[in-house]
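Contents: one structure, followed by commentary.
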Amino acid sequence: MFEFRHRARSLICIVGTALLLSACGGLQGDESYPERQRQNRYDPVPSGDERESIFGPGGIGIFGGDEETAKGSGGIGVNSFLWRATLDTLAFMPLASADPFGGVIITDWYRDPDAEGERFKITVYILDRRLRADGVKVAVFRQARDENGDWADARVAPATALQIENAILVRARQLRINTIEAAEQR
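Below, the structure is given as structure tokens:
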């Protein structure tokens with residue numbers, strides 16, 4: 017019996033609180049519309065030359081400015097040809113991270129089935145929005161199994177990173193040439 021009274025009181029309190037709170041808000045809306053909307057008179061949308069911006073001509077340049085340096089950027093923070101070429105070149109390795117705005121691609125450790133007891137990891141930095149030879153930097157990491165079977169850092173030949181950089185640059189040039197040829201055929 018006590019429990020029934022307790023529930024009844026709780027229900028009455030909840031309903032009373034809901035009624036009090038609903039009485040606080042008004043049901044009246046603003047039914048008057050501005051005269052301008054009634055007459056359906058709006059300012060025409062300015063064309064491209066008439067538009068003004070608080071950021072000045074050309075707007076805010078988040079990813080660069082002039083059109084010359086923006087070629088090949090494709091809406092990402094780095095050169096799209098270098099980006100795509102890097103992904104194509106490292107397609108055989110599992111990706112751990114890819115940041116198109118920062119221009120960093122990190123692979124996960126890769127073990128070549130032919131090279132037992134060693135694994136590789138590659139980090140590629142795309143440093144420029146233009147397709148340039150110094151626009152890409154590669155860091156290669158290698159680990160080999162020690163006598164206990166644990167992975168230990170091992171030396172990488174300096175030419176390895178350079179060979180991967182060259183492969184990326186060759187692929188990027190191929191992609192750019194293909195894009196130019198496709199645009200000329202239109």
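In my numbering, the protein residues as written are 17 to 202. Every residue, glycine too, gets a C-beta built ideally from N, C-alpha and C.
Item	Value
Residue 140, buried or exposed, once every other Cβ within 10 Å from all chains shown has been counted against 16	buried
8 Å contact criterion, which residue 111 and residue 184 should meet: CB distance rounded	Wrong, their Cβ atoms sit about 15 Å apart, outside the cutoff.
Residue 143 and residue 121 closer than 8 Å at C-beta	no
Expected contact under 8 Å - CB spacing of residue 136 and residue 157 to nearest Å	7 Å
Minimum C-alpha distance to residue 102 - residue among 24, 133, 134 and 138	138
Exposure of residue 191, with buried meaning 16 or more beta-carbon neighbours within 10 Å	buried
Beta-ladder partner(s) of residue 24, from DSSP	Answer is none; residue 24 lacks a bridge partner.
Residues that DSSP places opposite residue 167 in a beta bridge	161
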